[in-house]
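S.K.: Protein chains in written order, with my numbering: chain Y, 1433 to 1772; chain S, 1433 to 1772; chain W, 1433 to 1772; chain G, 1433 to 1772.
We treat Cβ as the ideally placed atom computed from N, Cα and C, and that holds for glycine.
4 protein chains.
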Amino acid sequence: MVFVLKPGRSLEEIDLFVERIESRGFKTFLSIGTEHTVVCLIGNTASIDLDAVVQANDIVQYGKRVTEPYKAVNRTVHPEDTVVNAGSVPVGSGMFQVIAGPCSVESEEQIIEVARSVKASGATLLRGGAFKPRTSPYAFMGMREEGIRLLLMAKRETGLPVVTEVMNQTQLPLFEDIDVIQVGARNMQNFDLLREVGRYNKPVLLKRGLANTLEELLMSAEYIMSEGNSQVILCERGIRTFETSTRNTLDLSAIPLLKQKSHLPVIVDPSHAAGIRALVAPLARAAVAVGADGLMIETHNDPAQALCDGAQSLNLSQFSDLMEDLKRRIAFEGKQIGAV
Amino acid sequence: MVFVLKPGRSLEEIDLFVERIESRGFKTFLSIGTEHTVVCLIGNTASIDLDAVVQANDIVQYGKRVTEPYKAVNRTVHPEDTVVNAGSVPVGSGMFQVIAGPCSVESEEQIIEVARSVKASGATLLRGGAFKPRTSPYAFMGMREEGIRLLLMAKRETGLPVVTEVMNQTQLPLFEDIDVIQVGARNMQNFDLLREVGRYNKPVLLKRGLANTLEELLMSAEYIMSEGNSQVILCERGIRTFETSTRNTLDLSAIPLLKQKSHLPVIVDPSHAAGIRALVAPLARAAVAVGADGLMIETHNDPAQALCDGAQSLNLSQFSDLMEDLKRRIAFEGKQIGAV
Amino acid sequence: MVFVLKPGRSLEEIDLFVERIESRGFKTFLSIGTEHTVVCLIGNTASIDLDAVVQANDIVQYGKRVTEPYKAVNRTVHPEDTVVNAGSVPVGSGMFQVIAGPCSVESEEQIIEVARSVKASGATLLRGGAFKPRTSPYAFMGMREEGIRLLLMAKRETGLPVVTEVMNQTQLPLFEDIDVIQVGARNMQNFDLLREVGRYNKPVLLKRGLANTLEELLMSAEYIMSEGNSQVILCERGIRTFETSTRNTLDLSAIPLLKQKSHLPVIVDPSHAAGIRALVAPLARAAVAVGADGLMIETHNDPAQALCDGAQSLNLSQFSDLMEDLKRRIAFEGKQIGAV
Amino acid sequence: MVFVLKPGRSLEEIDLFVERIESRGFKTFLSIGTEHTVVCLIGNTASIDLDAVVQANDIVQYGKRVTEPYKAVNRTVHPEDTVVNAGSVPVGSGMFQVIAGPCSVESEEQIIEVARSVKASGATLLRGGAFKPRTSPYAFMGMREEGIRLLLMAKRETGLPVVTEVMNQTQLPLFEDIDVIQVGARNMQNFDLLREVGRYNKPVLLKRGLANTLEELLMSAEYIMSEGNSQVILCERGIRTFETSTRNTLDLSAIPLLKQKSHLPVIVDPSHAAGIRALVAPLARAAVAVGADGLMIETHNDPAQALCDGAQSLNLSQFSDLMEDLKRRIAFEGKQIGAV
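#1: Answer with yes or no whether the minimum CB distance from G:G1641 to chain Y is below 8 Å.
#2: Could you round the C-beta distance between Y:M1651 and S:S1568 to whole angstroms and report it? I think they count as a contact, below 8 Å.
#3: Can you pull the chain G residues whose beta carbon is under 8 Å from the beta carbon of W:V1486, in chain order?
#4: Per DSSP, what kind of secondary structure is S:S1749 in: helix, strand or coil?
#5: What does the alpha-carbon distance come out to for the pair G:L1592 and G:M1573?
#6: Answer yes if the segment 1639 to 1659 of chain S comes into contact with the segment 1681 to 1695 of chain S, meaning at least three C-beta pairs across the two stretches below 8 Å, and no otherwise.
#7: For W:K1587, is the classification buried or exposed, using 16 other Cβ atoms within 10 angstroms of its Cβ as the cut-off for buried?
#8: Using Cβ-Cβ distances below 8 Å, what residues of the segment 1599 to 1616 of chain W are close to chain G?
#9: Can you tell me where the alpha helix (DSSP H) holding G:R1484 begins and where it ends?
#10: For W:Q1663, does the three-state DSSP call read helix, strand or coil?
#11: Here's the rule I'm using: 16 or more other beta-carbon atoms within 10 Å means buried, otherwise exposed. How should G:S1455 be labelled?
#12: Between the alpha carbons of Y:C1740 and S:L1626, how many angstroms are there, rounded?
#13: If we call anything under 8 Å between Cβ atoms a contact, is G:R1709 one with G:L1746?
#14: When DSSP builds the beta bridges, which residues end up paired with Y:K1639?
#15: According to DSSP, simplified to helix, strand and coil, what is Y:L1715?
#16: If we define contact as Cβ-Cβ less than 8 Å, is G:C1740 a contact residue for chain W?
#17: Out of S:R1717, S:F1764 and S:Y1632, state which residue places its alpha-carbon closest to the alpha-carbon of S:D1609.
#18: Pick helix, strand or coil for Y:R1559, following the three-state DSSP scheme.
#19: Just reading off the beta strand (DSSP E) that Y:R1596 is part of, what are its end residues?
#20: Can you list, in chain order, the residues of its chain whose CB lies under 6 Å from that of S:A1705, leaving out five sequence neighbours each side?
#21: Less than 8 Å separating the beta-carbons of G:P1702 and G:V1523?
#22: Since S:S1675 and W:L1646 are thought to touch, with beta carbons under 8 Å apart, how far apart are those beta carbons, to the nearest angstrom?
#23: So Y:V1436 and Y:Q1493 are in contact, right, with Cβ under 8 Å, and what is the actual spacing, rounded?
#24: Let me check understanding here. Comparing Cα to Cα, which of G:Q1601, G:A1617, G:T1678 and G:R1507 lies closest to G:K1639?
#25: S:M1651 lies in the alpha helix (DSSP H); which residues open and close that run?
#26: Select from W:I1480, W:D1490, W:V1515 and W:E1512 the residue whose C-alpha is nearest the C-alpha of W:E1500.
#27: DSSP state of Y:K1459, grouped into three classes?
#28: Please classify W:L1658: is it buried, with 16 or more other beta-carbons within 10 angstroms of its beta-carbon, or exposed?
#29: Is there a Cβ from chain W that is less than 8 Å from the Cβ of S:E1647?
#30: Can a CB atom of chain S be found closer than 8 Å to the CB of W:P1861?
#31: Within 8 Å, do at least three Cβ pairs link the segment 1512 to 1531 of chain S to the segment 1718 to 1737 of chain S?
#32: In this structure, does DSSP put W:G1742 in helix, strand or coil?
#33: Could you tell me which chain Y residues have their CB closer than 9 Å to the CB of W:K1496, listed as they occur along the chain?
#34: Can you tell me which residues form a DSSP beta bridge with G:D1447?
#35: Just to make sure I have the definition right: I need the residues of chain Y whose C-beta is within less than 8 Å of the C-beta of W:V1470. Which are they?
#36: For the segment 1750 to 1767 of chain S against the segment 1547 to 1566 of chain S, do three or more pairs of beta-carbon atoms, one drawn from each stretch, fall closer than 8 Å, so that the two count as touching?
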């Protein structure tokens, strides 16, 4: 952490500031210049509120964190790619996986039909919402426990590992046989939930919040890792901007940036980002090309009758066509899909 | 809900669409024009996924919700202002309240000193964080249960009703003697938590999320009210935009808009919005003038040593000066501060 | 400008970097620490592309401009408030002015009727668009030269100084008798136009662009001042955000921030920001309270028939009511409206 | 255009509204329902200010444009892809082009060296700024007329068609031998400039503004086409969002959306979007995969010494490596680069 002091301050004022900092247990390094004096802090500064120091001390012109505030997720600490084992399939470091399935589990017939079909098309994980966060209290909230039961039935039927979203920590006991626990965009900064899933020994799919920076996403992954769970998959799913022709703006720059800063695998959800069926295929292609480690694609046997998010779901035949295309592209990138 | 169909479609296609809608239990009203055919839905359409209908049915050019999706919070349903009784003080409908106190409860001395001072200056409620949502897992998380205990001690000492934030529903039993439960910006769409606080018979202070629209804020209030708790205070605290010279952008247009659409009281938190001490006073003045029902202002006995958010906290003397000014302004608006 | 170098670099590498910087004519001050080495640049660094230096030199961890890139507009250079003489009325430093009038000049009858009425209500400047920037090439573009002529007729009729927008520099000769030249939001970074109006000896009203930061707004004012024209009034008129319930989000924090960083007067346009008539009055009140030096309010004799932006225009009686209220508020703030 | 009226209004009120609309020359189609009455307007509604009608007429609950406001750029009017002939190379409809070159022309040696090198690597057009829009009035503004002269020298030397930016219409006579006139992001809504370039018979590269919607981009292209010039290439170059880890957020969803709504070719500028050299290659790959018709990539012989935007420029060898990769990808997409 570096502080640049205002010009023209007396040595006593400078000393007072340095003492105040050192009284918190930091070593400082001071360089007094003709214009600006610079104070560098040495030590783990993660607990310091930088803005507070700047504004509380009139002598400071500005301050800046020089090292990233995240440790465990940082690639400098762990230079190799992390591979997350999502049930039987590995994600990351050359292994590319495709998660497919409906927004919500709606019935036994539905989830079994979708599971069989997406497996036949080449999907390697099955998704299906049991607990659904909905903006309106009057909307369909998911089948809840029964949804989990049906999803696990589809897993037994097809062998596909399953991904589903947890909405609060009291639900976690129901996730014992789930392969990947999803933390949704609206819960990305539900810090108590992050800590709880960090205590499980199970992969976590962490979606970026609609208005969260990449640094905040990495800090939320750090919450999970700081509790001992290093099986975290990051997911870009669009951010909120002024543009209204898509539901959100998919930020594909996030993928190479996250992979540069962190060793964790990163996947892309083009369905929620765009909210428009016709954009799913081109954005999925772009995600493969930009270097993502996987995709999450909403697929439904009858999108017109879907109980939620039908507008963005591919039908089974559209998904099958897309997978044919994606398999060629994954191979083009020198990556592999499925088990090793 | 209104659907405008694409031009040049056959009567059979139109019939098929109408049947599909009616099979979901809605009555429709159809008007066939030379250019466009319009289908109006009659009934409670809150459960319909509008986008899904539009995209699932190729015949639809576009659809639009004509009535707001919120009911209980809607001013058309409840034309008079709701007054929320926050402990001994009423909020709304001409009663203006000022909540002051530190970001975090840090010690008995601190919270008692701040409580006494802000009360003497004219604050009518005391705030103080016990459970703190922090971006970093390594930052100070609040004193937790002990923080609640100290806050209640300050309440007994001064008589000020107290406001503090809940981070998850398992903490709610600790809030029995708290006067107002705060749901923070990051939890505005933690729907399970909203439902839980909706089952308590206690005022809820609901902060707008950093990237949430006013309609989403009202829908979250609707979650609380749909469980039977109608004591909700809305709070504007800044939204995330491209501008970086303030931490967030305080959206003061939200106050008259929310008060037009809803009967709930609306307060403003200029401290978190700006993140800069020098902006707190001018923004507080603007909030009074724009028609807010109250303010929430971070105040600390020693901002330079605050364990969080010191950069935006007023010290006790700055708060006292501000209150002198605000009292004149509240009176100028024809409003009253404190108990009736 | 300060550069913090990466840890563990050799003295030769550091020397190479310092030489490269000094070869551009800057003096440097170097402080070598155990962890980080810091290089401070001394001299006018406004011409340096900071990001380029950081990325071009692998040795640099990060760099930061310590001084603001604007000079002439900077309050540190010119501590007193600038007062801009807008025709017969001064703006700034305790003098508060209200600019009223229609979006577009539409006819002689219209502009004369509006001018007389807003003058009687207490407006101190008249606005009226002659050249109109419109998103669609098929929309009404303004009466152009004839609009200027009619606006000047209204000026002679009422004595009100007039404000109107220039769209490109070839139009400037027509503005000889206009009192204040407006540069619109979409032209805030039309740098050639800024230079041209900087060569006139006439007040310029510079509107903030929809997606421009405050620093960029000040840099655009710097363009005007760098050509010799110091008569610049800044105008906040809303920025683009994700919120769609207002046309733009009025950023009232901008007013105290701009006045802290610069000596130029700052006014507020609540009409364009909100795009909703019912919000104009509350936002105007907030603008007075937050410390603005003036307001610009769209007013029309028949908003329902306005050729542009009728949705946000007050009618003459609404404007009259608002002015009654604003006069009390301007006095409350200890400010004065009109001529000295 | 469709208006839904408020429930419970009398037939006289409805008639009054219809008359008012028809008095402006529109035919209406009225359907009176038990809940809502709907009024459809027939005719070219591009000149109507929708919001003004809604707010000026209390009887209207809400209104919506059903047809797009753009005509000439609309794919429904012109279903085939437009191919723009950029000098000797065609852009669009299976022809993919790569524009490379420095941010600014800095000297004869520089532009000739870059031009020869990028041509050898496979670039098919040369870019180079002569007139540079810069946020600061103290930054390098480009070599201006001399820059144009040197760019044309590089064109003669290599045979590459050239692209360069115009900043205002008085400069246009200098662009006679330029192959593609660029209108920059800050000028996307400089409507007078759009009209002027619309009167030239020369391809225009129109960049999306930092805060402009896709509809606004298409409306700006409509300005150019409405003057008779149909040779327009659209360019996505990133939008302004809250995310600060990249300079702008590249919106790749824009490419399939623009190509669905319009027949014009669309290219991508990853250099300006990201502002970070390391992101240029992955984003360029994603742009090819998402369906773009070309790329614009900043390339410099010595990025560390570039007079502007060096941070995002590839050096000549990096560009050469990227082109090797891109050629394989362009072929993979079944597209062709260069002349037919």
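M.R.: According to the structure data:
#1: In the fourth sequence, residue 1641 of chain G corresponds to position 209, counting from 1. Interface residue (Cβ-Cβ distance to chain Y less than 8 Å): G:G1641 is not classified as such.
#2: Reading the first sequence from its first residue, position 219 is the one you call residue 1651 of chain Y. Reading the second sequence from its first residue, position 136 is the one you call residue 1568 of chain S. In this structure Y:M1651 is in contact with S:S1568, their Cβ atoms being roughly 6 Å apart against a cut-off of 8 Å.
#3: Mapped onto the third sequence, residue 1486 of chain W falls at position 54. Under the 8 Å cutoff, chain G gives A1743.
#4: Taking the second sequence and counting its residues from 1, one reaches residue 1749 of chain S at position 317. Here S:S1749 sits in helix by DSSP.
#5: Mapped onto the fourth sequence, residue 1592 of chain G falls at position 160. Mapped onto the fourth sequence, residue 1573 of chain G falls at position 141. G:M1573 has its alpha-carbon roughly 24 Å from the corresponding atom of G:L1592.
#6: Touching, per the Cβ criterion.
#7: Mapped onto the third sequence, residue 1587 of chain W falls at position 155. Label assigned to W:K1587: buried.
#8: Residues passing the 8 Å Cβ filter: M1599, N1600, Q1601 and T1602.
#9: Along the fourth sequence, read from residue 1 onward, the residue named residue 1484 of chain G stands at position 52. At residue 1484 of chain G the sequence reads Ala, which differs from the Arg that was named. That run of the alpha helix (DSSP H) goes L1482 to A1488.
#10: Within the third sequence, the letter at position 231 stands for residue 1663 of chain W. The three-state reading of DSSP puts W:Q1663 in coil, since its state is none of H, G, I, E or B.
#11: Along the fourth sequence, one-based indexing puts residue 1455 of chain G at 23. With fewer than 16 other Cβ atoms within 10 Å, it is exposed.
#12: Residue numbering aside, residue 1740 of chain Y sits at position 308 when the first sequence is read from its first letter. Residue numbering aside, residue 1626 of chain S sits at position 194 when the second sequence is read from its first letter. Looking at the two C-alpha atoms, the distance is approximately 21 Å.
#13: As a working mapping, residue 1709 of chain G is identified with position 277 in the fourth sequence. As a working mapping, residue 1746 of chain G is identified with position 314 in the fourth sequence. Yes; because the gap between Cβ atoms is below 8 Å, this pair is in contact.
#14: Locating residue 1639 of chain Y in the first sequence gives position 207, counting from the first residue. In the DSSP output, where bridge partners are listed per residue, Y:K1639 has Y:C1667.
#15: Numbered from its first residue, the first sequence carries residue 1715 of chain Y at position 283. Reduced to three states, the DSSP call for Y:L1715 is helix.
#16: Position 308 of the fourth sequence holds residue 1740 of chain G. For G:C1740, at least one C-beta of chain W is nearer than 8 Å to its own C-beta.
#17: On the second sequence, position 177 is the one that residue 1609 of chain S refers to. Ranking S:R1717, S:F1764 and S:Y1632 by Cα distance to S:D1609 puts S:Y1632 first.
#18: On the first sequence, residue 1559 of chain Y is found 127 positions in, with the first residue counted as 1. The answer is strand: DSSP assigns Y:R1559 an E or B state.
#19: On the first sequence, position 164 is the one that residue 1596 of chain Y refers to. Position check: residue 1596 of chain Y holds Thr in this sequence, whereas Arg was assumed. Run containing Y:T1596: V1594 to V1598, per the beta strand (DSSP E) assignment.
#20: For the purposes of this step, residue 1705 of chain S is taken as residue 273 along the second sequence, with counting starting at 1. Within the same chain, S:A1705 has close Cβ partners R1669, G1670, N1680 and L1682.
#21: Within the fourth sequence, residue 1702 of chain G is the residue found at index 270, counting from 1. Within the fourth sequence, residue 1523 of chain G is the residue found at index 91, counting from 1. In this structure, G:V1523 does not lie closer than 8 Å to G:P1702 by Cβ.
#22: For this step, residue 1675 of chain S is matched to residue 243 along the second sequence. For this step, residue 1646 of chain W is matched to residue 214 along the third sequence. According to the sequence as given, residue 1675 of chain S is Glu; it is not Ser. Contact between S:E1675 and W:L1646 holds, with the beta-carbon distance rounding to 7 Å and staying under 8 Å.
#23: Indexing the first sequence from 1 puts residue 1436 of chain Y at position 4. Indexing the first sequence from 1 puts residue 1493 of chain Y at position 61. About 5 Å separates the two Cβ atoms, so the contact holds.
#24: Numbered from its first residue, the fourth sequence carries residue 1639 of chain G at position 207. From the listed residues G:Q1601, G:A1617, G:T1678 and G:R1507, the smallest Cα separation to G:K1639 is found for G:A1617.
#25: What you label residue 1651 of chain S is simply residue 219 of the second sequence in a count that begins at 1. Counting along the chain, the alpha helix (DSSP H) containing S:M1651 begins and ends at L1646 to S1658.
#26: Taking the third sequence and counting its residues from 1, the one referred to as residue 1500 of chain W is at position 68. Of the listed residues, the one whose Cα sits closest to W:E1500 is W:I1480.
#27: What you label residue 1459 of chain Y is simply residue 27 of the first sequence in a count that begins at 1. Strand, per DSSP.
#28: Position 226 of the third sequence, counted from the first residue, corresponds to residue 1658 of chain W. The sequence given here has Ser at residue 1658 of chain W, not Leu. Classification of W:S1658: buried, given that the 10 Å Cβ count is 16 or more.
#29: The residue labelled residue 1647 of chain S in the question sits at position 215 within the second sequence. Yes, its Cβ sits closer than 8 Å to a Cβ of chain W.
#30: Since the first residue of chain W shown is 1433 and the last is 1772, residue 1861 of chain W is not available in this structure.
#31: Using a C-beta cut-off of 8 Å, the segment 1718 to 1737 of chain S makes contact with the segment 1512 to 1531 of chain S, since at least three inter-stretch Cβ pairs fall below that distance.
#32: One-based indexing of the third sequence puts residue 1742 of chain W at position 310. Helix, per DSSP.
#33: Taking the third sequence and counting its residues from 1, the one referred to as residue 1496 of chain W is at position 64. Chain Y residues near W:K1496: V1434, V1436, Y1494 and K1496.
#34: Position 15 of the fourth sequence, counted from the first residue, corresponds to residue 1447 of chain G. Per DSSP, none; premise fails for G:D1447.
#35: Here residue 1470 of chain W refers to the residue found at position 38 when the third sequence is read from its first residue. By Cβ distance, chain Y contributes V1434, S1463, V1470 and C1472.
#36: Under the Cβ criterion (8 Å, minimum of three pairs), the segment 1750 to 1767 of chain S counts as touching the segment 1547 to 1566 of chain S.
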